[in-house]
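Chains A and B supply the protein sequences, listed in that same order.
Numbering follows the numbering used here, with no gaps: position 222 of the first sequence is 223.
Numbering follows the numbering used here, with no gaps: position 87 of the second sequence is 88.
Quick reminder that beta carbons are idealized off the backbone N, C-alpha and C, glycines included.
Notes for the one structure printed next.
2 protein chains.
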Amino acid sequence: MSISKDKRFLIVGLGLIGGSYAAGLKEQGYHVGALTRSRKTIDYALSKGMIDEGTTELSKGFISSYDIVVFSLYPKTFIDWIAANQDLLKPGALITDATGVKCSVVYKVQEILRRDLEFVPAHPMAGRETSGVEYAASKIFKGANYIVTPTDANTEKGIEDVKEIGRILGFGRISVLSPEKHDEMIGFLSQLTHCIAVSLMTCKDSEDLASFSGDSFRDLTRIAKINDEMWPELFMMNKKELLSQMDLFASQFSKLRQALVDDDVEGMRMMMRLSTERRKLFDKKI
Amino acid sequence: MSISKDKRFLIVGLGLIGGSYAAGLKEQGYHVGALTRSRKTIDYALSKGMIDEGTTELSKGFISSYDIVVFSLYPKTFIDWIAANQDLLKPGALITDATGVKCSVVYKVQEILRRDLEFVPAHPMAGRETSGVEYAASKIFKGANYIVTPTDANTEKGIEDVKEIGRILGFGRISVLSPEKHDEMIGFLSQLTHCIAVSLMTCKDSEDLASFSGDSFRDLTRIAKINDEMWPELFMMNKKELLSQMDLFASQFSKLRQALVDDDVEGMRMMMRLSTERRKLFDKKI
Chain A
2 MSISKDKRFL IVGLGLIGGS YAAGLKEQGY HVGALTRSRK TIDYALSKGM IDEGTTELSK
62 GFISSYDIVV FSLYPKTFID WIAANQDLLK PGALITDATG VKCSVVYKVQ EILRRDLEFV
122 PAHPMAGRET SGVEYAASKI FKGANYIVTP TDANTEKGIE DVKEIGRILG FGRISVLSPE
182 KHDEMIGFLS QLTHCIAVSL MTCKDSEDLA SFSGDSFRDL TRIAKINDEM WPELFMMNKK
242 ELLSQMDLFA SQFSKLRQAL VDDDVEGMRM MMRLSTERRK LFDKKI
Chain B
2 MSISKDKRFL IVGLGLIGGS YAAGLKEQGY HVGALTRSRK TIDYALSKGM IDEGTTELSK
62 GFISSYDIVV FSLYPKTFID WIAANQDLLK PGALITDATG VKCSVVYKVQ EILRRDLEFV
122 PAHPMAGRET SGVEYAASKI FKGANYIVTP TDANTEKGIE DVKEIGRILG FGRISVLSPE
182 KHDEMIGFLS QLTHCIAVSL MTCKDSEDLA SFSGDSFRDL TRIAKINDEM WPELFMMNKK
242 ELLSQMDLFA SQFSKLRQAL VDDDVEGMRM MMRLSTERRK LFDKKI
């Protein structure tokens with residue numbers, strides 16, 4: 002199954018991820034338009050050949066000329082956009098997104114969406130420590146995970162088309178997960194790790210230690226440089242799941258601490274052996 | 002100040018670090034001998050030109066022919082070796098080590114050491130996720146930190162000679178710290194990070210998530226593959242300091258958790274901004 006080359010893609014929100022979608026789709030020969038807040042962003046993307054056209058205005062003539070619309074906005078902004086502007090979309094348009102949390106976005110959007118539109122949610126698990134269209138590039142998707150999180154409201158055809166977008170963009174692995182399973186996974190693998198990195202980086206006035214730090218500390222804190230607008234919103238929109246992942250971790254950390262307090266060398270060794278075994282599984286999948 | 006080329010180095014414990022000392026010193030033209038547990042290790046090191054000679058036996062004739070002795074053993078083994086065998090060492094020999102914890106080793110060894118010997122402790126902050134002489138190579142020291150941790154029992158000459166060993170081996174930065182400051186630093190930068198990685202890797206049955214993990218989780222768990230013989234001993238020998246670093250982290254993690262519970266977006270953002278600022282300092286020092 003493929004998406005015919007005369008289908009027109011609109012990217013709403015031309016940042017790092019939206020810009021990379023645009024670049025990747027253009028490279029594969031599709032017509033790509035952009036709707037974004039800043040004229041400067043559009044001019045940049047035009048100059049780099051990442052889009053065919055772009056606007057900052059909510060024009061029905063422009064927006065309704067697109068068959069497939071990719072929303073690459075913060076979660077709340079995406080929901081608000083649909084609530085306020087969905088009448089501008091082409092009848093029968095296919096909608097997808099790049100939002101990093103699912104349950105609190107997907108059900109809300111599907112609930113308020115016009116009956117003739119279909120929204121198939123997706124999460125491209127790619128990113129950089131930087132943001133903005135200037136850092137966008139189709140190569141950030143190469144080898145990365147692309148997860149489609151459909152619900153009962155979706156059709157087979159819609160799900161297949163959104164999986165196909167992942168293939169067109171060159172993702173390494175296309176998967177399908179429920180929104181719930183996605184949010185548990187992302188709470189553990191991504192949000193919890195960012196909480197740990199931020200806590201480690203801020204728990205001690207460590208400036209005089211910078212020159213002594215080796216790879217361990219650098220590895221654990223690489224993601225401690227964090228977008229402080231986006232992440233609190235992502236945390237809040239996955240609050241229950243993230244809290245439960247944080248508690249799992251805190252409880253295990255406390256167990257290791259207690260083993261040390263008790264001089265329980267065998268207890269520490271058992272955790273380390275399990276840790277070593279499990280980490281090996283993550284090597285193989287690279 | 003330099004160490005004349007006719008000085009003879011003995012490496013006690015020919016593993017990853019001991020073998021890398023041997024290789025680096027040989028490359029700089031020094032005579033290098035090895036005392037280690039396994040004949041196979043010696044044969045390997047001889048075949049690779051990492052040492053000039055080696056033995057598994059506690060022979061006074063052999064051991065007392067060396068001017069400078071580098072101990073690359075587990076902490077307790079090192080202390081026990083000195084207690085049992087120091088009569089085999091050459092009168093006036095200079096002793097150094099590669100032990101990763103200092104207070105609980107340094108004062109004990111200096112207390113029991115023969116008066117004609119000098120022990121100047123050092124910690125080469127280099128390593129790999131693997132162990133054994135087969136992985137030894139002088140290049141693991143290039144650009145790394147080498148920390149000398151002298152006490153009042155040391156002489157200027159001894160301290161200078163042990164700093165010079167770091168320079169001969171090509172370390173990127175040679176520093177001097179008190180044993181106490183060293184153990185605080187290593188408790189925070191290295192031991193705490195390993196505790197976090199092990200806890201994260203073992204807190205959840207995450208095997209079905211391996212294929213979804215991106216760089217964040219991989220970075221935070223790289224060091225979760227851990228030598229379960231060495232690390233519990235290092236933790237135990239730095240127990241008080243490590244517990245205090247663990248508590249600093251746990252308290253900050255708990256603060257971030259509370260901000261999420263309280264919907265305190267501004268509190269989360271403040272931590273993230275501090276985190277981002279501080280992490281930048283660690284980039285510059287690479």
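Taking a cut-off of 8 Å for Cβ pairs, the segment 149 to 162 of chain A and the segment 72 to 84 of chain A do not touch, as fewer than three such pairs fall below it. Judged by pairs of C-beta atoms under 8 Å, the segment 20 to 38 of chain B does not touch the segment 255 to 265 of chain B, as fewer than three such pairs exist.
For A123/A, the pairing in a beta bridge is given by DSSP as V149/A. In the structure shown, the three-state DSSP call for K61/A is helix.
Close CB contacts of Q111/A within its chain, under the 7 Å cut and outside five residues either way in sequence, are with F120, T152, A154 (chain order).
For the pair I69/A and L89/A, the CB atoms are not nearer than the 8 Å cut-off. A direct Cα-Cα distance of roughly 38 Å separates I18/A from M126/B. Spanning the alpha carbons of I227/B and F254/A requires a straight line of approximately 16 Å.
Across the segment 195 to 206 of chain B, CB contacts with chain A closer than 8 Å involve H195, C196, I197, A198, V199, S200, L201, M202, T203, C204, K205, in sequence order along the chain. DSSP links R9/A through a beta bridge to H32/A.
Taking a Cβ-Cβ cut-off of 9 Å, N86/A has no neighbours in chain B, whose nearest Cβ is about 25 Å from it. For the 8 Å CB-CB criterion, A35/B and L282/A do not form a contact. Taking a contact to require three or more Cβ pairs closer than 8 Å, the segment 100 to 108 of chain B and the segment 231 to 251 of chain B qualify as touching. A Cβ-Cβ contact shorter than 8 Å links F142/B with F172/B.
Distance between D44/B and V13/B, taken at the CA atoms: about 15 Å.
The alpha-carbon separation between I166/A and L11/A amounts to approximately 13 Å. Nearest to D117/A by alpha-carbon distance, out of Y108/A, P92/A, K109/A, V106/A, is P92/A.
Residue burial is scored here from C-beta neighbours: R274/B has fewer than 16 other C-beta atoms within 10 angstroms and is therefore classed as exposed. Under the 10 Å beta carbon count, L59/A is surrounded by fewer than 16 other beta carbons and is classified as exposed. Secondary structure at R174/B: strand, using DSSP grouped into helix, strand and coil. DSSP lists G34/B as the bridge partner or partners of E54/B. Residue environment analysis places E278/B among the exposed positions, since fewer than 16 neighbouring C-beta atoms fall within 10 angstroms of its C-beta.
The distance from the Cβ of V177/B to that of G16/B is about 26 Å, inconsistent with a contact at the 8 Å cut-off. Within chain B, no residue has its CB atom less than 9 Å from the CB of I141/A, the nearest being about 11 Å off.
Taking the CA atoms as reference points, R40/B sits about 20 Å from Y67/B. At least 8 Å separates the beta-carbon of V71/A from that of Y147/A.
In the same chain as Y31/A, and ignoring 5 residues on each side of it, the C-beta atoms closer than 6 Å to its own belong to F10, in chain order. Between the alpha carbons of K6/A and K49/A lies a distance of about 21 Å. For T97/B, there is no enclosing alpha helix (DSSP H); the enclosing beta strand (DSSP E) has its first and last residue at 95 to 98. In terms of Cβ geometry, M247/B and C196/B form a close pair [threshold 8 Å].
F72/B: member of the beta strand (DSSP E) spanning 69 to 72, first to last residue. Nearest C-alpha to G268/A among D229/B, S252/B, V266/B: D229/B. Exposure of E181/B is indicated by the presence of fewer than 16 other C-beta atoms within 10 angstroms of its C-beta. Neighbours of R223/B in chain A, taken as residues whose beta carbon is under 7 Å from its own, are D220 in chain order. In this structure, the alpha-carbon of A251/A lies about 7 Å from that of A251/B. Here L74/B has G14 as same chain residues with Cβ atoms under 6 Å from its own Cβ, once five neighbours each way along the sequence are excluded.
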